[in-house]
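K.L.:
Numbering of the sequence shown is given in my numbering, commencing with residue 1 and proceeding in unit increments.
Idealized CB from N, CA, C, for every residue including glycine.
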Amino acid sequence: MQPDIAHVEALRPVIKPSLDSPSPPPSPAKGSALTLLEPQTIEAVQDAVSDVVISAPSISAEEPQVQATPSPTTPVSPPITPSSTVSDIANVFATTGLKDKNELPSQNDTCVRSQGIDQMAYEAAEKGDPTAQNKIGDLYRFGHGVPQDCTTAMDWYRKAAEQGDVRGQWNVAQLYDYALGVPLDYALAMEWYQKAAAHGYAPAQCAIGDLHANGQGLTQDYATSMVWYLKAAEQHYAEAEFLIGTMYQHGQGVPVDEATALEWFNKAIEHGNVGGWSEYFHGYLYYWGLGVTKDMTIAYEWFLKSANQDNIPAYNKIGNMYYQGVGVPQQDYTKAMEWLLKGASQGRPDDMHQIGDMHYNGLGVPQNYVEAFKWIFKAAQYDLGPSVADIGFLYCSGTGVDQDYEKGRAWLLKAAAIGVAHAQRELRFLYHEGVGGPVDYPAAFEWFLKAAEQDHPAAQADVGNMYHRGRGVEQDLTKEEEWLLKSAKQGRPNAQQEVGAMYFNGEGVPQNHSLGFEWCLKAALQDYACAQWDVGYMYSTGQGVFENHIKAVEWFRKAAEQGLEPRRIAAVPDAVLDVVIDDPVPTSSTLLEETQETPKPLPSKTLAEKVQETSLKVEVLTGSTLSSIPKEATKQEFQDSGSRPTEITPPPSTTKRAPQAPQAPQAPQNYSAASETTEVTQAIVSASLGDKDAQVTLGNMYVRGQGVDQDYEAAMDWYRKAAEKNDPVAQNRIGDLYRLGRGVCQDCSAAMEWYRKAADQDDPTGQYNVGQMYDYALGVPLDFALAMEWYQKAADKDYPPAQHSIGDLYSHGQGVTQDSNKAMEWYLKASVQHHAESEFRIGTVFEEGQGVSKDEHVALEWFKRAVEHGATDGWNVYTKGYLYFRGLGVPQDMAIAHECFVEAAGEGHIPAHIELGNMHSMGMGVPVDYTKAMEWLLKGASQGRADAMQQVGGMYYHGQGAPQDFAEAFKWLFKAAQYDFLPSMTDIGLLYRSGLGVAQDLEQAFFWLSKAARGGRANAQRELGFMYHRGLGIAQDSQLAFEWCLKAAEQGHAAAQADVGNMYHHGRGVAQDLTKAIDWLLKAVDQNHAVAQQELGAMLFIGEGVPANHSVAFELILKAAEQGHAESQRNVGVMYSTGQGTFQNDIKGAEWFRKAAEQGHAFAQLELGQAYLAGKGVAQNVAVAKELFALAAAQGIEEAKTFLEYIHNNVEQ
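1. Taking only the alpha-carbon atoms, compute the straight-line gap between Ala859 and Phe556 and give it to the nearest angstrom.
2. Is Glu482 helix, strand or coil by DSSP?
3. Starting from Thr293, follow the alpha helix (DSSP H) in both directions and report where the run begins and ends.
4. Just to confirm before moving on: does the CB-CB distance between Gln454 and Ser487 stay below 8 Å?
5. Let's see if you can read the secondary structure: which residues bound the alpha helix (DSSP H) around Arg167?
6. Once DSSP output is grouped into helix, strand and coil, what is the label at Pro1218?
7. Cα separation between Asp929 and Ser921?
8. His468 lies in the alpha helix (DSSP H); which residues open and close that run?
9. Compare the beta carbon distance of Leu341 and Ile318 with 8 Å and say whether it is the shorter of the two.
10. Write down the C-beta distance between Gly1031 and Phe1006 rounded to the nearest angstrom, noting that I regard them as a contact closer than 8 Å.
11. Closer than 6 Å by C-beta to Ala969: which residues in its own chain qualify, once you throw out the five before and the five after it? Chain order, please.
12. Just to confirm the assignment: which complete beta strand (DSSP E) runs, minimum length 3, are found wholly within the stretch 812-846?
13. State the DSSP-derived secondary structure class of Phe981, mapped to helix, strand or coil.
14. Which residue from Ala962, Met949, Asp1001, Leu384 puts its Cα closest to that of Leu982?
15. The alpha helix (DSSP H) spanning Ala787 covers which residue range?
16. Quick one: what does DSSP say Phe1214 is sitting in, helix, strand or coil?
17. Can you tell which of Arg348, Gly362, Gly343 has the C-alpha that lies nearest to the C-alpha of Asp332?
18. Below 8 Å on the Cβ atoms is my guess for Gly989 versus Leu1009; work out the distance and round it to an integer in Å.
19. Terminal residues of the continuous alpha helix (DSSP H) containing Ala125?
20. Report all residues from its chain with a CB closer than 8 Å to the CB of Val902; omit the five preceding and five following residues, and keep chain order.
21. Across the stretch 147-155 and the stretch 179-191, are there enough close Cβ pairs to call them in contact, namely three or more that are closer than 8 Å?
22. When burial is assigned at 16 or more other CB atoms within 10 Å of the CB, is Lys725 buried or exposed?
23. Helix, strand or coil: how does DSSP classify Gly137 here?
24. My output table needs one value for His898: the three-state DSSP class, helix, strand or coil.
25. Using three-state DSSP, classify Phe1143 as helix, strand or coil.
26. With DSSP as the reference, label Val858 as helix, strand or coil.
27. Using the beta-carbon count (16 or more within 10 Å), is Asn1210 buried or exposed?
28. Helix, strand or coil for Val618, going by three-state DSSP, please let me know.
29. Mind checking which residues open and close the alpha helix (DSSP H) that includes Asn361?
30. In chain order, which continuous runs of the alpha helix (DSSP H) of length 4 or greater are located wholly inside the stretch 932-994?
31. Do Gly209 and Tyr237 have their C-beta atoms closer together than 8 Å?
32. Rounded to the nearest angstrom, what separates Lys975 and Pro801 at their Cα positions?
33. Out of Ala967, Ile914, Val926, point me to the one whose CA is closest to Gly944's CA.
34. Could you tell me the alpha carbon to alpha carbon distance between Val1132 and Ile1117, rounded to whole angstroms?
35. Give me, in chain order, the residues of the same chain whose beta-carbon lies closer than 6 Å to that of Asp711; leave out the 5 immediate sequence neighbours on both sides.
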């Protein structure tokens, strides 16, 4: 009996959801979550891999604050870094001016706690007791037990001072010195300090030293300053000892001598047993690595101990460490603002300046230029050079204040006159470009030179370029090289590039290609685009370095990437970008011809550049060799004011210190958690007095368990108190608790009521939350139109989460026509405000090539931004997990990915819940655990995540993590389908068709599959084609069957490609066309589709449409057989038995017949029965043969019946 090797499977009769073949675990799906549908989901794996899941933002109890203004550009100027020199400490050592710990006002005193002024002390003060008068002055100055009132404090200090009391005299001086209750007046401060110093009062002697060191009210004089510090040090005054140490450390008036500095620091530690100074000095040593191994973490711990004793310089240190993310668990601008406000409230101008900078850039607070101007102006009153300069910039740019070039010029001139180098340089916009006045190149050169002589690297480069152009000074290439070299040696990349070009071209120096390459490489390694292009050019031509075209291409690519404008990604369609950014996208040719200096961080311009976008122009070199290396086409500020050092550096000598204070007020409207007991106590007191902001803050503390035990019920109580005053923040927080079921039963309807209260007050967070509830059918029916309406209200106020959600609706075509460009437009709007989820989403768009060119490098840049900006809502650790999961920019590591997702989930990050569910279900980074997978997925599903609902349904379908329950599976899948989630709509159709979990209903099956198919779901299109092919619930229509299968095939659906090939092969629904049949089958074969491999193998075996080739046919059919395809297994058995396409081998033939027979393949059962009957490849066994023939006969194989009759008549008789 010759087997029918040409037997080919037609369209599979898929009656219930099934799987074509197993596949490796899919990559994380597109969107804001990695959706890892496991191989046993209802649909085939190849469909699951291509899912675009709903991108639902994570919703936590803490909503982002509203950004009311556009995104930040550059910091106003370099943020003042923590104090470290003489100019930083001032008379803070003993705020009370005392040397004896017993004289300090204690926070345990009854008069300080909360009961007002002690009656006995008041009576003593009224009778003229100077000690009591100073003590009452302290109470008013620091607001202990009485409202803070520095004017009243001054009245009491004056009473003591006028009696000749040294502490009273010192206190009066302090108030003049720091403008507390009186105008700033260094002359009067000096007068009163002198009165106290004349009596040998050490704090006053130290303060006089400060005025001389800082040049405040007199000429700066380090020598005189040292004299006064030594006077105080003779009395073991620790602050003076410390300041002497800083002078030796930094070489201020004395040679640098770290050994001597360390001796003085150790003296300060020995004598600084009050006011937290000993702890501060310990921290300082670890901070700088003086006598100990440098350790920022230990430094932070000491500074924190010091700050807990109300040491104001410690406030500054901690604020800056949080600002820069040094020595602290993570960078935290909100905490930085808290600490800096403490110092600013006590007259620290450097803290005021930095607070202004943070308001300017929206760091830790909503961006507010007016507030930035206010704080910087306060600092400028202390003649703080950077602040004086920035006030000039703000006036010139009209940022936060009405534009006024005259005032801007005056402030810049003032800053320049006191030696602020970047102010001297920025005067170029007044003189060089004629901003606010006539062009004056000589004056511009003069100011450049002043800044350059202070070793300002950017100014040195500018002076070099003015010598090159002969602008404002006679052209001199030698001096050009001299000044550029000074700048280059300080690491200035544009100067390094220009020095390299001079050496390469022999301009003003002997030509030397090697030196040219070395200098250009230095700049290129700093990501300076122009230099990167030059290095690429040199590698490509072998000039100055060995020729290497691979490296040349690498450097050219780096230059193209670094030359982009801020937030400009060339792969984004221009039509999308133009909505957010007005500038044109630079072309690649433009980047090579004119490259701006682009420092890190990427987006920024100085304030002066915002005044005038043009700056000092330099001619571009031209020619055919490296004389074509372009000098930079625009000379702009190298972001000295924008870059944040990785390490805190010493401030300029003009930095003002501040007096000590027992306790500074908290930052207003600060909803970040406070871990300090004093802060909790203060919040409880203020909240109990009815302060609604404090009530919200206290509620937040109970939610996070920071400073108090976590207690959601207590949090709810405090939120309700504030909400009763119509506080929208509290109303949103209550909504969050109801929504998440924390401290109350989960109740999305109640959550909606509270969100509406906030939204009806025009609160953008409330409006966004209402949009979320409609978007995810939480407590209300699903309504994308209403979701869009509420999102739009919040987005109109520049609320980034709402902008992102609008992007999601456009991305998924929910309630609107699907539009990838509009989605990207909205994601970019949100990303301008550093919205981490949008940055992550843009990264996935580039990673997957969704509407843009696929570009993993660009994707990685966006993911890095999400990591940088996602600290408040878990997106930073979630994105890290994603990168480790995908192996993007880091080695793939599922264990680390899992750790990151766990951390993010702990912050309530919903996409992390889903990833953890998927990892537990598939054993990725953790052992397979369906129970845990179900737990995590249910968390996501409870928050309206359709993809999680889909997964939960799939697990019920397969009995994973729960008993198998088709009805429960249907319920969850139906929930997900309500969100127009295409995979779920498809599965609902399949369940209706099969009657699993629901009564069979072919009309409903057709409805859901049609809906998913029209939505573009490839597998639904194929299954709809199958229904037309079989006439299931509808009239049979082979042509429509072909059309729907073709739609799926054109999307790359492998099974559909196999079906289309089969239909062309047999002329079903389309004219027979063997060439097209082979083309489509090959497409499916390329995806390792077993049915296509079988069918194409059969065509090759018999030479149908192609020349016969048994060997190739065998290879194809074997691949299908190895995937478990029963027909192919039977055919492989036949080919081994007959030796067609492979060597003849009865044993292998029988093995493959057995594999197919075990799957119930009737012909294989017949063939294997024949083998047992004849003992061919197996031991002869008539009984087994009879069983196999009976199985085949039961399936209607007549030949098997013939063999049964033969056995009965001839063998058994």
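P.N.:
Inspection of the coordinates gives the following:
1. For Ala859 and Phe556, the distance between alpha carbons rounds to 19 Å.
2. helix
3. That residue, Thr293, is in no alpha helix (DSSP H); it is neither H nor E in DSSP.
4. no
5. 166-178
6. Within the shown structure, residues of the chain are numbered from 1 to 1213, placing residue 1218 beyond reach of any answer.
7. 6 Å
8. 457-469
9. no
10. With a Cβ gap of about 11 Å, Gly1031 and Phe1006 do not count as contacting.
11. Correct list, in chain order: Gly953, Tyr956, Tyr957, Gly997.
12. Fully enclosed beta strand (DSSP E) runs of 3 or longer: not present.
13. coil
14. Among Ala962, Met949, Asp1001, Leu384, the Cα nearest to that of Leu982 is on Met949.
15. 784-795
16. The chain is shown only over 1 to 1213; residue 1214 falls outside these bounds and no answer can be derived.
17. Gly362
18. Indeed they touch by this definition, with Cβ atoms about 4 Å apart.
19. 119-126
20. Ala912, Leu916
21. yes
22. exposed
23. The answer is helix: DSSP assigns Gly137 an H, G or I state.
24. The answer is helix: DSSP assigns His898 an H, G or I state.
25. coil
26. helix
27. exposed
28. Residue placement at Val618 cannot be trusted, given a pLDDT of 25 that sits under 50; what the coordinates show is reported in the next sentence. Per DSSP, reduced to three states, the secondary structure at Val618 is coil, with no helix or strand assignment.
29. 349-361
30. 946-958, 966-977, 982-994
31. no
32. Taking the straight line joining both Cα atoms gives about 25 Å.
33. Ile914
34. Taking the straight line joining both Cα atoms gives about 7 Å.
35. Tyr702, listed in sequence order.
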